[in-house]
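Trainee:
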DNA sequence: CTGTGTGCAAACTCTTTGCATAAGT
DNA sequence: ACTTATGCAAAGAGTTTGCACACAG
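Chains as they are written, first to last, in my numbering: chain A, 1 to 147; chain B, 1001 to 1147.
(1) By how many angstroms is the C-alpha of residue 9 of chain A removed from the C-alpha of residue 19 of chain A?
(2) Is residue 1127 of chain B near the ligand ADP, going by C-beta to nearest heavy atom under 8 Å?
(3) Determine the chain B residues that contact residue 46 of chain A at a beta-carbon separation under 7 Å, and present them in chain order.
(4) Using a Cβ-Cβ cut-off of less than 7 Å, give me the residues of the segment 71–87 of chain A that come near chain B, in sequence order.
(5) Tell me which residue opens and which closes the beta strand (DSSP E) that residue 1026 of chain B is part of.
(6) Are the C-beta of residue 110 of chain A and some C-beta of chain B separated by less than 9 Å?
(7) Applying a beta-carbon distance threshold of less than 7 Å, which residues of chain A neighbour residue 1130 of chain B?
(8) Any Cβ of chain A within less than 9 Å of the Cβ of residue 1055 of chain B?
(9) Report the rounded CA-to-CA distance for residue 89 of chain A versus residue 52 of chain A, giving the unit in angstroms.
(10) Within a Cβ cutoff of 6 Å, which residues of the same chain sit near residue 1014 of chain B, ignoring the five residues on either side of it in sequence?
(11) Could you tell me how far apart the beta carbons of residue 1022 of chain B and residue 1070 of chain B are, in whole angstroms, since I believe they sit closer than 8 Å?
(12) In three-state DSSP terms, what is residue 74 of chain A?
(13) Taking the straight line between their C-alpha atoms, what separation do you get for residue 1028 of chain B and residue 118 of chain A?
(14) Is the Cβ of residue 126 of chain A closer than 9 Å to any Cβ of chain B?
(15) At least one CB of chain B closer than 9 Å to the CB of residue 119 of chain A: is that the case?
(16) Tell me whether the beta-carbon of residue 141 of chain A lies closer than 9 Å to the beta-carbon of residue 1128 of chain B.
(17) Can you list, in chain order, the residues of its chain with a C-beta nearer than 6 Å to that of residue 57 of chain A? Leave out the 5 residues immediately preceding and following it.
(18) Look at the Cβ atom of residue 1150 of chain B, then the Cβ atom of residue 93 of chain A, and state whether they are nearer than 9 Å.
(19) Please report the Cβ distance between residue 1091 of chain B and residue 1077 of chain B, rounded to the nearest whole angstrom; I am assuming they are in contact, meaning their Cβ atoms lie under 8 Å.
(20) Residue 32 of chain A: buried (16+ other C-beta within 10 angstroms of its C-beta) or exposed?
(21) Using a C-beta to C-beta distance shorter than 8 Å, which residues of chain B count as neighbours of residue 123 of chain A?
(22) DSSP three-state label for residue 1012 of chain B, please.
(23) Looking only at its own chain, which residues have a Cβ that is under 6 Å from the Cβ of residue 136 of chain A, when we skip the five neighbours before and after it?
(24) Mind checking which residues open and close the beta strand (DSSP E) that includes residue 135 of chain A?
(25) Whose C-alpha, out of B:1120, B:1139, B:1111 and B:1086, is nearest the C-alpha of residue 111 of chain A?
(26) Less than 8 Å between the CB atoms is what I'm expecting for residue 80 of chain A and residue 49 of chain A, so what's the real figure, rounded?
(27) For my contact list, residue 1017 of chain B and residue 130 of chain A are in at a C-beta cut-off of 8 Å; report their separation, rounded to the angstrom.
(28) Quick one: what's got a C-beta closer than 7 Å to residue 101 of chain A's C-beta in the same chain, skipping five residues either side?
(29) Excluding sequence positions up to five away, which residues of its chain have a Cβ less than 7 Å from the Cβ of residue 1067 of chain B?
(30) Got a sec: is the Cβ-Cβ distance from residue 133 of chain A to anything in chain B below 9 Å?
(31) Near residue 1065 of chain B, which residues of its chain fall below 6 Å by C-beta distance, leaving aside the five closest residues on each side in sequence?
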């Protein structure tokens, strides 16, 4: 159950924060527990704020934004490139790609083994590749369309 | 020279607009000439607005936004997924991918032959792939780093 | 104690919208 | 003429920031 952060979770989150040079404050610990307590997650600031409130963790939206930013700069999170206004953060920092459900704006990691391998193009002149993002956009097959 | 739209350009743009069910008004013709007059382009609403003003085409930023939106819905443009606030539009509608220069926020098409081929993962349950976006992020090789 | 973190509200940026005027067919 | 597009300014969404108070070490 995600709303209950175990002692082990707490220690782990505290360690992550310390390692990143961030003081383990109430809010950061609580948000860290939500973020890193379960599997890989993809959320926006608003989603996380809502979860925090529902988990009875009093935290302001501004602090959620600031915290997500700090975590990202510390390398604990990764921003996902989606067009549109909202910024998504991914708790999975490893090199991986995403499915994107266009209808409901949900992101999902692509399994690392089912992974898309690609032959990269050569970067121009004095440039080098820092990262490759792959977004596989999904739409529902029309269920009415029996064919 | 891009600022001079030839008669041929005008006819072509007019045709594109009509084909999309959009009336060929001054502003749409002018913006269309800027967008589709040269090679493939990647711009934000602000960039296009600036260009229009510089080309002595009086058009409001709101109209630029509306026009870009309409063109996109008509299939004349394509939105590019970049994280962050600004929305980029691409005049190249074909299936292709992008280099992204992180330092200056510039987009560039990846040549279709140098193209990155990838073995796609199988989409979940009742889903099907609508499009795959690949963004290759580039940073400058450190010139000081002689090694 | 001393300094960093947090909350709140205000500021900011990018984008969309409402309404009166102008332009297209 | 009749309808659709445009311009302007105001409204909206998402995100950031400044400052006083609270908390961690």
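All C-beta atoms in this analysis are idealised placements derived from N, C-alpha and C, irrespective of residue type, glycine included.
On a predicted model such as this, the values are computed, not experimentally measured, just so you know.
Mentor: Here's the rundown:
(1) Approximately 15 Å, taken between the alpha carbons.
(2) Absence of the ligand ADP is noted for the structure shown, with no ligands found whatsoever.
(3) Those do not exist, as residue 46 of chain A stays about 16 Å from chain B at its closest Cβ, beyond 7 Å.
(4) Per Cβ criterion, the list reads 79, 80, 81, 82, 83 and 87.
(5) Counted as a single uninterrupted DSSP element, the stretch harbouring residue 1026 of chain B is not any beta strand (DSSP E) but the alpha helix (DSSP H) occupying residues 1026–1036.
(6) Closer than 9 Å to some Cβ of chain B, the Cβ of residue 110 of chain A qualifies, so yes.
(7) The contact set of residue 1130 of chain B on chain A, defined by CB atoms closer than 7 Å, consists of 102, 137, 138 and 139 in chain order.
(8) Not an interface residue.
(9) C-alpha separation (whole angstroms): 16 Å.
(10) Hits under 6 Å: 1024.
(11) About 6 Å; that satisfies the 8 Å criterion.
(12) It is coil, neither helix nor strand.
(13) For residue 1028 of chain B and residue 118 of chain A, the distance between alpha carbons rounds to 39 Å.
(14) Cβ-Cβ to chain B under 9 Å: yes for residue 126 of chain A.
(15) It does; some Cβ of chain B falls within 9 Å.
(16) Judged by beta-carbon spacing, residue 1128 of chain B lies within the 9 Å limit of residue 141 of chain A, meaning their Cβ atoms are closer than that value.
(17) Once the five neighbours on either side are set aside, the close Cβ partners of residue 57 of chain A are 30.
(18) Any question about residue 1150 of chain B goes unanswered here, given that chain B covers just 1001 to 1147.
(19) Contact between residue 1091 of chain B and residue 1077 of chain B holds, since their C-beta atoms are separated by about 6 Å, short of 8 Å.
(20) Buried.
(21) For residue 123 of chain A, the chain B residues whose Cβ falls inside 8 Å of its Cβ are 1099, 1136 and 1138, in order along the chain.
(22) Here residue 1012 of chain B sits in helix by DSSP.
(23) If the five residues before and after residue 136 of chain A are omitted, its C-beta is found closer than 6 Å to the C-beta atoms of 99, all from its own chain and listed in chain order.
(24) For residue 135 of chain A, the enclosing beta strand (DSSP E) begins and ends at 127–140.
(25) Across the set B:1120, B:1139, B:1111 and B:1086, the C-alpha of B:1120 shows the shortest separation from the C-alpha of residue 111 of chain A.
(26) That belief does not hold up - the Cβ atoms of residue 80 of chain A and residue 49 of chain A are roughly 18 Å apart, past 8 Å.
(27) Not quite, the Cβ-Cβ distance comes to about 39 Å (not below 8 Å), so this is no contact.
(28) The answer, listed in chain order, is 138.
(29) Once the five neighbours on either side are set aside, the close Cβ partners of residue 1067 of chain B are 1027, 1028 and 1031.
(30) Yes, because at least one Cβ of chain B sits closer than 9 Å to the Cβ of residue 133 of chain A.
(31) Excluding residues within five positions, the ones whose Cβ falls inside 6 Å are 1045.
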